[in-house]
Each structure stands twice: as C-alpha cells, then as structure tokens.
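J.: In my numbering, the protein residues as written are 5 to 262. Ideal placement from N, C-alpha and C gives every residue a C-beta, glycine not left out.
Dropping the structure here:
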C-alpha cells in the first residue's frame with residue numbers, strides 16, 4: 005500500500021500520517037528588535053524539506069524582518085535559528101548563503117547598470133567559476149531573461165526584474181529559497197506566471213519560504229502558512245485550513261465576517 009494519499013490542490017502528494025519530512029528550518033522563540041522596538045516577539049516557525057510555507061500579515065507584521073534575520077542580515081535578540089539541525093543565528097550573511105539559503109529581497113534590488121547575465125553571475129559569487137548549467141536552468145525557468153541576457157537590468161520591466169531577482173538567488177544553489185513579496189506591484193498576468201514558476205522551482209527540489217500579501221494565491225500554492233500580527237504568530241496550519249478560516253478570509257481576502 006502506498007505511503008502517500010492523493011495529491012492536494014498544489015499538485016504534490018500529501019504525506020500519510022507519520023510520514024512527515026524532517027525540518028529543514030526551525031525558528032525557536034525568535035525575538036528581533038530595532039533598538040527599543042521589538043519587531044519579532046518570540047515566534048516559532050518550522051519549514052520541512054520540500055515544502056512551500058507562506059508568512060502572511062499586514063505591513064509591519066514582521067515578515068520581512070523574519071526573512072532578513074534568517075539570512076543573517078539582522079541578529080536576533082533572543083531565540084534560535086536552526087538549519088538542518090544546526091544553529092545559524094549570528095552567522096554572517098555571506099556564510100548563510102554558503103550553507104544553502106538564498107533570498108530574493110523585497111523590491112527586487114537588481115543591479116541596474118549590470119546586464120542580466122552579470123546579475124546572475126553575482127548570484128554565483130560563492131563559486132570559483134559560474135556554473136553554466138545553473139545559468140541554463142534559470143534561462144529555462146525564465147525564457148524572457150534568455151531573450152534579454154545582454155540588456156541592462158535597470159531597463160527591464162518590473163516583472164522581468166522580479167524574474168531576475170529570483171534567478172539570481174537560484175544561482176547560489178539554495179536548498180531553501182526565501183522570497184519576499186514576489187508579486188508586489190506586478191500585473192495579475194505576470195503574478196500568475198511568477199507563482200507558476202515558484203511552484204516549478206519547488207517541484208525541482210527547492211524548499212520555499214514565501215512572504216506574500218496576495219493571500220489567495222499564496223495559500224493556493226503553499227503546504228502550510230503562518231499569520232503574523234505585530235511580531236506574533238496569530239494563526240498557523242495547513243494552507244487549505246487557513247484558506248477556509250473566516251478570520252483569514254475577512255482580514256486577507258476581503259470577505260465579510262458574516
């Protein structure tokens with residue numbers, strides 16, 4: 005008898021009871037402060053190998069702060085960050101990339117005066133030479149970037165810059181990909197393309213932690229999700245359960261409580 009059940013709405017098989025995969029990332033009682041202001045107030049978050057997990061929340065909830073702390077750009081005030089069971093809180097950001105964690109930041113932050121290829125090469129800085137097979141993988145995922153490989157990043161459209169930011173992160177060969185607001189400011193058709201590509205990246209074996217305000221699309225894509233409010237986890241569970249939760253539907257999907 006198979007150890008899996010029928011695929012869920014994401015198209016991935018649902019593990020049978022007792023078959024959960026190991027935690028790839030764990031945040032334990034994580035606290036992060038900006039001076040006297042406590043932005044993250046002791047949260048617990050877990051991402052299992054192979055999952056897509058979403059952090060939902062309004063502006064100022066602490067979503068981006070959480071990703072920046074995982075990446076080593078911010079140091080926690082208290083708590084632990086474990087990656088593959090080893091503590092990484094306090095590890096410098098450039099070493100975190102080497103451990104297998106890549107991030108596509110909020111606002112894309114491509115290098116505008118460098119070409120598409122040069123931006124992608126920057127994502128592979130930890131290697132002695134740029135792995136051409138990784139460059140081809142990015143171009144296969146984002147054919148538009150192949151067409152614009154010699155174009156300056158600053159002249160790309162918003163959607164193309166988002167593709168480039170994700171592609172640049174993939175060039176570091178991450179086991180865990182952190183995506184911060186990949187749909188921000190993009191037209192609905194481009195958003196649909198970006199989410200389809202995120203699903204494909206995950207299907208190819210990369211675990212994803214996604215920060216997103218487009219709750220409907222993010223939850224449709226994800227295995228599990230956490231809802232952050234003012235630095236605290238208010239709700240967590242399977243994406244399907246949260247998508248059906250009236251509190252989530254009212255706060256993030258624009259539906260009335262009654």
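With a threshold of 7 Å on Cβ separation, who are the neighbours of residue 185 within its own chain once the five nearest residues in sequence on each side are excluded?
T.: Hits under 7 Å: 110, 215, 216 and 217.
J.: In chain order, what residues of the same chain lie with their CB nearer than 6 Å to the CB of residue 199, ignoring the 5 residues before and after it?
T.: 221 and 225.
J.: For residue 174, tell me which candidate among 201, 161, 43 and 81 has the shortest Cα-Cα distance.
T.: Selected option, being the one with the closest Cα: 201.
J.: Per DSSP, residue 60 forms a beta bridge with which residues?
T.: According to DSSP, which records beta bridges pairwise, residue 60 is partnered with 231.
J.: Grab me the residues of residue 125's own chain with a C-beta within less than 6 Å of its C-beta, minus the 5 sequence neighbours each way, in chain order.
T.: Cβ within range, chain order: 134.
J.: Identify the continuous alpha helix (DSSP H) that holds residue 50 and give its terminal residues.
T.: No alpha helix (DSSP H) holds residue 50; the beta strand (DSSP E) holding it covers 41-52.
J.: On a Cα-Cα basis, can you pick out the residue from 98, 156 and 91 that is closest to residue 123?
T.: When each option's Cα is compared against that of residue 123, the closest is 156.
J.: Let me check one thing: in DSSP terms, what residues is residue 241 bridge-paired to?
T.: DSSP lists 229 as partners of residue 241.
J.: Which of the three DSSP states, helix, strand or coil, is assigned to residue 92?
T.: The answer is coil: DSSP assigns residue 92 none of H, G, I, E or B.
J.: For residue 104, which residues in the same chain have their Cβ closer than 6 Å to its Cβ, ignoring the five residues on either side in sequence?
T.: Counting only Cβ-Cβ distances below 6 Å, and skipping sequence neighbours, we find 178 and 179.
J.: Residue 123 by DSSP, collapsed to three states: which one?
T.: DSSP places residue 123 in helix when its eight states are reduced to three.
J.: Can you tell me whether residue 58 is buried or exposed, with buried defined as 16 or more other CB within 10 angstroms of its CB?
T.: When all chains shown are included, residue 58 counts as buried.
J.: Expressed to the nearest angstrom, what Euclidean distance is found between the alpha-carbon atoms of residue 88 and residue 150?
T.: Residue 88 and residue 150: Cα-Cα distance of roughly 34 Å.
J.: Name, in chain order, the residues that DSSP records as bridge partners for residue 211.
T.: Its beta-bridge partners are 180.
J.: Per DSSP, which residues does residue 107 bridge with? Please list them.
T.: Per DSSP, 182.
J.: Rounded to whole angstroms, what is the Cα-Cα separation between residue 206 and residue 54?
T.: Near 7 Å, if we compare the C-alpha coordinates of residue 54 and residue 206.
J.: Suppose the cutoff is 8 Å on Cβ atoms and the five residues either side in sequence are ignored; what does the same chain contact list for residue 189 look like?
T.: If we look at residue 189 and ignore the five residues flanking it on each side, its Cβ neighbours are 162.
J.: So what's residue 71 in DSSP terms, helix, strand or just coil?
T.: Helix, per DSSP.
J.: Counting beta carbon pairs with one atom in the segment 89-99 and one in the segment 131-146, are three or more of them shorter than 8 Å?
T.: No, they do not touch.
J.: On a Cα-Cα basis, can you pick out the residue from 245, 236 and 219 that is closest to residue 256?
T.: The option with the nearest alpha carbon to residue 256 is 219.
J.: Whose C-alpha, out of 127, 239 and 167, is nearest the C-alpha of residue 143?
T.: Comparing Cα positions, the closest option is 167.
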